[in-house]
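In the working numbering, the protein residues as written are 2 to 215.
Every residue gets a Cβ at the ideal spot worked out from N, C-alpha and C, and that includes glycine.
Everything below concerns the one structure shown next.
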Amino acid sequence: MSKRDSDAILEVLLDFGGRKIREYCLKRLDEGTEPYRIFEDLSMGLEEIGKGYESESSRIYFTSDLIVAGRNMKRAIEVLKPHFKRSLRARGRVVVGTVKGDVHDIGKSIFSIMLESNGFEVIDLGVDVAKEDFVAKIKEFKPEILGMSSLLTSTVSYMGDVVEELKRMNLRDKVKIIIGGRAVTEDFAKRIGVDAYGKDCIDGLRKCLSFIDA
Ligand code: B12
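Below is the structure:
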């Protein structure tokens, strides 16, 4: 991506008024760009903002910038969601949620859209989800798959607590588990004994499809 394109993305993500992001998404759709591609480009902008926030000594973005960028990304999701093609084939149920202590939900929401557009029914529990709530919804909806997200290194270990709780309730072998989010690694997924790690939504979707077809 050219410097001009990435500057334009930063400008729309950091627009306090929130109008530019809609115009940006609609223009790219008009040009024939696939909605997932637009998400990917915007996510690169978020990555950039995250980097500029990371180190205290060379900080160029602040918590307020994260908040504005997060809100604008949610607006982009609203605009782009109806433009995903939908598969008519019913593929099964997935319960998704961001684990307790973490309120990041953009990646999880994009993952949910990808699942829905490929025929899955998604029960989205939102953010800051406690293990008891995961268990209750798994009992209620009997999904084939559970997807958990975590972006914070301080909350990622909670995914292991959810797995233990499912074992305690004799539910672990009733559901396939996939985890993702910035704080998750393949190694961590193996350690806590889940069925898969999705490095991004495409990888996650591919693995969910393989669970169903297996
Ligand atoms: C936007 C943002 C926010 C917004 C979130 C808004 C929202 N509605 O989600 C707000 C302002 C709320 C926020 C708050 C905070 N944030 Co923040 N945030 C970000 C930022 C800039 C972007 C995150 C994002 O949405 N990226 C885009 C999406 C698409 O990426 P993603 O979620 O990773 O998803 C991709 C994959 O991971 C995967 N995926 C995600 N989930 C799942 C699940 C499954 C099952 C699968 C298969 C795949 C999958 O698919 C996606 C790609 O296809 C990141 C920086 C970054 N580079 O990530 C920091 C970042 C995550 N935040 C950070 C921090 C520190 C915080 C705060 C603690 C700041 C503070 N001092 O208050 C709080 C924490 C609040 C809390 N308790 O959760 C740090 C975390 C550092 C760490 N080591 O843990 C980061 C990395 C910034 C940084 N570099 O320092 N944040």
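Query                                                                                                                      : Result
Opening and closing residue of the beta strand (DSSP E) in which T99 lies                                                  : G93 to T99
Among I139, T156 and T154, the one whose alpha carbon lies nearest that of L148                                            : This sequence places Gly at residue 148; Leu is not what is there. Checked all of I139, T156 and T154; the closest Cα to G148 is I139.
Beta-carbon proximity of V185 to V157, cut-off 8 Å                                                                         : yes
Reduced DSSP secondary structure (H/G/I, E/B, other) of V128                                                               : coil
Beta-carbon contacts of I213 that lie in its chain and below 6 Å, excluding the five residues immediately before and after : R92 and G93
Coil, strand or helix - M149 by DSSP                                                                                       : strand
G148 Cβ short of 7 Å to the ligand B12 heavy atom set                                                                      : yes
From T34, R169, I10 and I107, residue whose alpha carbon lies closest to that of F85                                       : T34
Rounded C-alpha distance that separates S59 from K52                                                                       : 10 Å
The stretch 174 to 182 in contact with the stretch 129 to 138 per 3-pair CB rule at 8 Å                                    : no
C-alpha distance - K21 paired with F40, whole-angstrom precision                                                           : 15 Å
L172 Cβ short of 7 Å to the ligand B12 heavy atom set                                                                      : no
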